[in-house]
Ligand code: FES
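In my numbering, the protein residues as written are 17 to 649.
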């Protein structure tokens, strides 16, 4: 990017990409990575606390020492990007494990196409009588006269394109109207006949990833899907870190990072569909958008402060945000087109959960259902058509790779399936079929379940002495060797292990999820036997092995046929509301009907959580089938 550097600036060249940027003396190499578009793991957002952003810089630099680096790494010239500053030009390599590789992003969601289709946008082909000296009313009034609708409001953006479009089309135009909530308006006038094309986008703004679908609103078909890491990741892994970042530096940066991710997805969708259809599409062709995200992501997207969501009593600016125009929120779409934002129930039960429920259909069922969405956070909804109650529990970081020494996201190099053999060796599958670099959430659940079944851990998840070299003492108690260093990727500096401390983090995470399910059932006077269906939503849920999640006591032990997967429910729900006014109305009804239970101050939750800090549970009668074959201790 920089051919020449300004005074006091230094060139940083990233290998092997060869990308070059310039940074000043105060800028860290982490910032240089972000400027260069190098996707680096920076879980703590540059605080020097996570130890993920490992690089090998060459040239003149200063690097603050970190206890998070091993002796071997320090000897090998490894530093943390966020703690390294250039004092001259640098050549930098990011360690393979610190790169955010191709992520296993869940783009699958419900395939239901709501019939009849009733999107809130429509098109009409109009033939206008040409203006004459005898009939010289203004262009807009002429158009509305033919449309026979004088109640539509017309934004200035639309008015500006009106005279040109009418004459270019030789008095034949296609108009696009939008009827979302109270707003009835004319959002577009195109010359000629284009009424066979009506496009919208459905967006899932996740904390880790963003997925966008280009949807044909006339057929209900998904024309193309694009996804990417949420670029906000460079400002912190989880919502708490990002809220703190925004409190310190302002919300604008996070807003523009989310929008930049969405817009780059839209660019790629337009390019894909233009290529496929042979019609050159532009952003103006997208006239409606439906967006579902958690409360914090939605606030950042529209540029609202989250300062009061983070602290007790966890209050968002608004649960139900007004529908902005595309132009108001910097979206790459028709600036006059409206954007539907899914309403959030609470600070930690957002529009994505409302969309999950909509996609699952549980709000229409007369039977009792449970919905579990485990992402960076865990959200649970219990109920049916008459009532619904929701809650949120801190669940995700361990399963997203944080707080576990060998943990990593579900991306290339992650073990996502693992078995322990009778001789305690391991067999596993690695995403991308490469040498393993770490273990992602589904692999960790497999591992805990397998270690329990083989008696390597007891019911409190403490590692036992099992003889041989598979378990050994470590700084935090004991550790189990999953794989030897020699079989790992080139950059590995030690064996791949899981420690007692890791297992306690995983135990707390699974206990929070089961405890939340149990407390909802208890407070509503329902039991596990009353459940007719358990909907599992989200990417992590989609990839995990249900049987093993039950074995460790994370999910309820009910007949397996009651379990169903809705995939990316936030995306599916957003699409349903885009295609059907009825479904959009249902989304609002879900929001109004769903109550929220705050677990952080709930004693019953604490009791349920404590009882769940065992594998599978203190009360084995709750896990009649999961307990088979477990160690007796
Ligand atoms: Fe550098 Fe966390 S230690 S980003």
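All C-beta atoms in this analysis are idealised placements derived from N, C-alpha and C, irrespective of residue type, glycine included. Here the structure is a predicted model, which means the values were calculated and not measured.
Original post:
Going by beta carbon distance, what residues of the same chain come within less than 7 Å of residue 664, once the five residues before and after it are set aside?
Top reply: Only positions 17 to 649 of the chain appear in the structure, and residue 664 is not among them; the question remains open.
**OP:** Verify the contact flag: residue 345, CB atom, against every heavy atom of the ligand FES, threshold strictly below 8 Å.
**Re:** Distances taken from the Cβ of residue 345 to the heavy atoms of the ligand FES include none shorter than 8 Å.
Original post:
In the structure shown, what three-state DSSP assignment does residue 259 receive?
Top reply: Of the three classes helix, strand and coil, the one that applies to residue 259 here is helix, per DSSP.
Original post:
CA-CA distance, residue 514 and residue 440?
Top reply: It is roughly 14 Å from the alpha-carbon of residue 514 to the alpha-carbon of residue 440.
**OP:** Specify, as a first and last residue, the run of the beta strand (DSSP E) that residue 349 falls within.
**Re:** Taken as a continuous stretch (DSSP letters only), residue 349 belongs to no beta strand (DSSP E), as it is neither H nor E.
Original post:
Where do the ends of the beta strand (DSSP E) carrying residue 74 lie?
Top reply: First-last of the beta strand (DSSP E) with residue 74: 70–79.
Original post:
Is it the case that the CB of residue 458 approaches a heavy atom of the ligand FES more closely than 8 Å?
Top reply: Relative to the non-hydrogen atoms of the ligand FES, the Cβ of residue 458 never comes closer than 8 Å to any of them.
Original post:
If you draw a straight line from the C-alpha of residue 547 to the C-alpha of residue 405, how long is it?
Top reply: In a straight line, the C-alpha of residue 547 is about 14 Å away from that of residue 405.
**OP:** Return yes when the Cβ of residue 309 is within less than 9 Å of the Cβ of residue 268, no when it is not.
**Re:** Against a cut-off of 9 Å, the Cβ pair of residue 309 and residue 268 comes out as no contact.
Original post:
Given a threshold of 16 other Cβ atoms within 10 Å of its Cβ, counted over all protein chains shown, does residue 150 qualify as buried or as exposed?
Top reply: By the 10 Å Cβ count, residue 150 comes out exposed.
Subject >> From 66, 116, 74, 75, residue whose alpha carbon lies closest to that of residue 82 >> reply: When the alpha-carbon of residue 82 is set against those of 66, 116, 74, 75, the nearest one is in 66.
Original post:
Helix, strand or coil: which one does DSSP assign to residue 148?
Top reply: Of the three classes helix, strand and coil, the one that applies to residue 148 here is coil, per DSSP.
Original post:
How far does the beta strand (DSSP E) with residue 404 in it reach, from first residue to last?
Top reply: Element bounds for residue 404: 404–409.
Subject >> Coarse secondary structure for residue 534, derived from DSSP in three states >> reply: Note: residue 534 maps to helix in three-state DSSP.
**OP:** Could you give the DSSP three-state label for residue 162: helix, strand or coil?
**Re:** Helix, per DSSP.
Subject >> Within-9 Å CB hit, residue 109 to chain C >> reply: No chain C is part of this structure, which consists of one protein chain only.
Original post:
Curious, which full-length alpha helix (DSSP H) runs of at least 4 residues does the segment 445–493 contain?
Top reply: Uninterrupted alpha helix (DSSP H) stretches at least 4 residues long and entirely within the segment 445–493 occur at 457–469, given in chain order.
**OP:** Could you please give the first and the last residue of the uninterrupted beta strand (DSSP E) stretch that includes residue 553?
**Re:** In the DSSP assignment, residue 553 falls within the unbroken beta strand (DSSP E) covering 547–553.
**OP:** Taking only heavy atoms of the ligand FES into account, decide whether any of them is closer than 8 Å to the Cβ of residue 67.
**Re:** Closer than 8 Å to some heavy atom of the ligand FES: that describes the Cβ of residue 67.
Original post:
Can you check whether the CB of residue 42 is closer than 9 Å to the CB of residue 75?
Top reply: Cβ distance not < 9 Å, so residue 75 and residue 42 don't count as in contact.
Original post:
If you measure from the CB of residue 421, is any heavy atom of the ligand FES nearer than 8 Å?
Top reply: Placement of the Cβ of residue 421 at a distance of 8 Å or more from every heavy atom of the ligand FES is found.
Subject >> Residues of its chain near residue 103, where Cβ-Cβ distance is below 7 Å and the 5 sequence neighbours each way are ignored >> reply: The beta carbon of residue 103 is closer than 7 Å to those of 76, 77, 78 in its chain, skipping five residues each way along the sequence.
Original post:
Quick one: what does DSSP say residue 134 is sitting in, helix, strand or coil?
Top reply: Here residue 134 carries a strand assignment [DSSP, helix/strand/coil].
Subject >> Option nearest residue 531 by Cα separation, candidates 619, 602, 512, 461 >> reply: The shortest C-alpha separation from residue 531 is found at 619.
Original post:
Going by other Cβ atoms of all chains shown within 10 Å of its Cβ, with 16 needed for buried, is residue 291 buried or exposed?
Top reply: Exposed, since its Cβ has fewer than 16 Cβ neighbours within 10 Å.
Subject >> For residue 17, the three-state DSSP class (helix, strand or coil) >> reply: Confidence at residue 17 is low in this model, with a pLDDT of 39, below 50, so the placement of that residue should be treated as unreliable; the coordinate-derived value is given next. Of the three classes helix, strand and coil, the one that applies to residue 17 here is coil, per DSSP.
Original post:
Using a Cβ-Cβ cut-off of 6 Å (strictly less than) and excluding sequence neighbours within five positions of residue 346, which residues of its own chain qualify?
Top reply: Cβ neighbours of residue 346 within its own chain (closer than 6 Å, five residues either side excluded): 275.
Subject >> Distance cut-off 8 Å: residue 46 Cβ against heavy atoms of the ligand FES >> reply: At least one heavy atom of the ligand FES falls within 8 Å of the beta-carbon of residue 46.
Original post:
Taking 8 Å as the cut-off, does the CB of residue 90 come closer than this to any heavy atom belonging to the ligand FES?
Top reply: Checking every heavy atom of the ligand FES against the Cβ of residue 90, none is found closer than 8 Å.
Original post:
Can you tell which of 521, 576, 598, 344 has the C-alpha that lies nearest to the C-alpha of residue 640?
Top reply: Of the listed residues, the one whose Cα sits closest to residue 640 is 576.
Subject >> Cα-Cα separation, residue 272 to residue 313 >> reply: In a straight line, the C-alpha of residue 272 is about 12 Å away from that of residue 313.
**OP:** Could you please give me the residues that DSSP links to residue 29 through a beta bridge?
**Re:** Answer by DSSP bridge pairing, in chain order: 36, 107.
Original post:
Using 8 Å as the threshold, is the segment 396–404 in touch with the segment 619–630, meaning 3 or more CB pairs across them?
Top reply: Three or more Cβ pairs closer than 8 Å define a contact, and the segment 396–404 falls short of that threshold against the segment 619–630.
Original post:
Can you tell me whether DSSP reads residue 245 as helix, strand or coil?
Top reply: In the three-state DSSP reduction, residue 245 falls in the strand class (E or B).
Subject >> Beta-carbon proximity of residue 113 to residue 57, cut-off 9 Å >> reply: Closer than 9 Å, so yes.
Subject >> CB of residue 569 within 9 Å of CB of residue 473, strictly >> reply: Contact: no.
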